[in-house]
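Colleague:
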Amino acid sequence: MRWILWVLRWVGAGIFIYAGGIKLADLPAFLSAIESFRLFPYRFAVISVYYVPWLEILAGFALLNPLFRRAGGIVLVALVAVFVVLKLSAAARGIDIQCGCFGVARAGESPYLWYFMRDAMILLLLSLVLRFDVSEHETRRGAQGKIVDSGTPLAGSAL
Amino acid sequence: MNLLRQLLGLCSGVVIFAALTAAFHPQRLAWSEEVLGEGEVALTEALSWDAEALWVDARTRAQFEADHIPGALLLNEDEWEALLPNFLVRWQPDMKVVVYCDSRQCGASHALADLLRESVGLEEVYILNGGWKTWLESQGDRE
Chain A
9 MRWILWVLRW VGAGIFIYAG GIKLADLPAF LSAIESFRLF PYRFAVISVY YVPWLEILAG
69 FALLNPLFRR AGGIVLVALV AVFVVLKLSA AARGIDIQCG CFGVARAGES PYLWYFMRDA
129 MILLLLSLVL RFDVSEHETR RGAQGKIVDS GTPLAGSAL
Chain B
521 MNLLRQLLGL CSGVVIFAAL TAAFHPQRLA WSEEVLGEGE VALTEALSWD AEALWVDART
581 RAQFEADHIP GALLLNEDEW EALLPNFLVR WQPDMKVVVY CDSRQCGASH ALADLLRESV
641 GLEEVYILNG GWKTWLESQG DRE
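Residue numbers (my numbering), protein chains in the order written: chain A, 9 to 167; chain B, 521 to 663.
(1) Decide if R525 of chain B is buried, meaning its Cβ has at least 16 other Cβ atoms within 10 Å, or exposed.
(2) Mind checking R548 of chain B: buried by the 16 CB within 10 Å criterion, or exposed?
(3) From V618 of chain B to D587 of chain B, what does the alpha carbon distance come to, in whole angstroms?
(4) Does chain A have any CB closer than 7 Å to the CB of Q526 of chain B?
(5) Is the Cβ-Cβ distance between L35 of chain A and V54 of chain A less than 7 Å?
(6) T564 of chain B: buried (16+ other C-beta within 10 angstroms of its C-beta) or exposed?
(7) Using 8 Å as the cut-off, can you tell me whether the stretch 556 to 572 of chain B makes contact with the stretch 74 to 93 of chain A, which would need three or more C-beta pairs spanning the two stretches below that distance?
(8) Can you tell me which of B:L540, B:T654, B:A573 puts its alpha carbon nearest to the alpha carbon of A592 of chain B?
(9) Who are the near neighbours of L136 of chain A in its chain, counting only those whose CB is closer than 7 Å to its CB and skipping five residues on each side?
(10) Can you tell me where the alpha helix (DSSP H) with L84 of chain A in it begins and where it stops?
(11) Is there a C-beta anywhere in chain A that falls below 7 Å from the one on G559 of chain B?
(12) Quick check: the Cα distance between L167 of chain A and M9 of chain A, rounded to an integer number of angstroms?
(13) Of the residues A:I30, A:I82, A:K95, which one's Cα is nearest the Cα of L527 of chain B?
(14) Using a cut-off of 7 Å between C-beta atoms, extract the partners of S623 of chain B located in chain A.
(15) Tell me which same chain residues have a C-beta within less than 7 Å of the C-beta of G559 of chain B, skipping the five on either side of it?
(16) Can you tell me the Cα-Cα spacing of G627 of chain B and Y620 of chain B, whole angstroms?
(17) Give the single residue among A:I65, A:E43, A:R139, A:W18 whose Cα lies nearest to the Cα of A98 of chain A.
(18) Where do the ends of the beta strand (DSSP E) carrying D577 of chain B lie?
(19) Per DSSP, which one or two residues make a beta bridge with Y620 of chain B?
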């Protein structure tokens with residue numbers, strides 16, 4: 009089970025580190041993508057252009073770091089949820105957007121169904137990572153509690 | 521480390537890296553929409569050219585057909601060969617060409633303006649600052 013969690017974490021981290029990196033590599037394209045939603049004032053869009061890629065990258069790395077894992081997972085789930093709401097809003101208004109999620113996407117061909125399926129898969133992946141992490145965390149705490157109670161380590165707990 | 525501290529640590533890191541990016545990234549963005557880039561023209565100035573201006577929509581056909589600036593004609597890189605003859609029929613030597621695409625940063629208008637300068641040899645080619653988005657906003661302001 010542990011190796012599945014390990015793979016999920018690395019896949020989740022990889023997706024967001026890549027997504028953030030590709031946005032940083034072309035800031036004007038990402039700004040154009042944000043503006044295509046026609047929701048935000050220009051200055052807010054510029055701030056988002058600088059902030060969002062780093063949020064994705066650092067939260068992605070946080071997924072791999074036991075000290076920041078839960079925060080990373082929660083931030084990424086919140087981020088994807090925000091993206092879904094923005095796309096729902098654009099779909100409801102019937103406008104073409106450039107997703108900008110993973111690099112430059114052409115406007116005029118907004119495959120909303122694909123966007124939502126992809127976001128759903130990412131949300132599923134992140135919720136699995138968070139769920140397994142919570143289980144692992146509780147198991148570890150339970151084991152530590154038993155050590156404190158009995159005064160002797162459980163067999164194999166050091167592994 | 522509790523969750524709140526984790527979140528604070530993460531957000532602090534993001535703020536620091538974002539600030540460094542805003543200060544040192546080679547593609548730093550203008551903080552104001554009013555700043556004109558190279559070869560760009562503001563909407564008010566382009567509108568003042570009136571009949572001297574030929575408006576060119578560099579977006580996709582689907583976007584153009586959905587809506588466009590009145591009088592604009594469709595010309596984009598994808599359909600360059602097919603649409604260029606229509607452009608040449610409408611263009612007059614004393615006209616200024618104003619190219620626009622979806623928003624301020626979209627590359628299509630810049631690419632098309634370069635193509636018009638290099639392939640057709642036009643000199644007075646301008647890119648509409650803010651593109652279609654700015655046009656829409658200006659229409660909202662007028663209503």
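Every residue, glycine too, gets a C-beta built ideally from N, C-alpha and C.
Note that the coordinates shown come from a computational prediction; the quantities given were computed from them, not determined experimentally.
Modeller: Answer, in terms of the structure:
(1) exposed
(2) exposed
(3) 17 Å
(4) yes
(5) no
(6) exposed
(7) no
(8) B:A573
(9) L16
(10) 77 to 101
(11) no
(12) The predicted position of L167 of chain A is uncertain, since its pLDDT is 36 and thus under 50; no value can be drawn from it.
(13) A:I82
(14) S40, E43, S44
(15) A633, Y646, I647
(16) 10 Å
(17) A:E43
(18) 573 to 577
(19) B:D577
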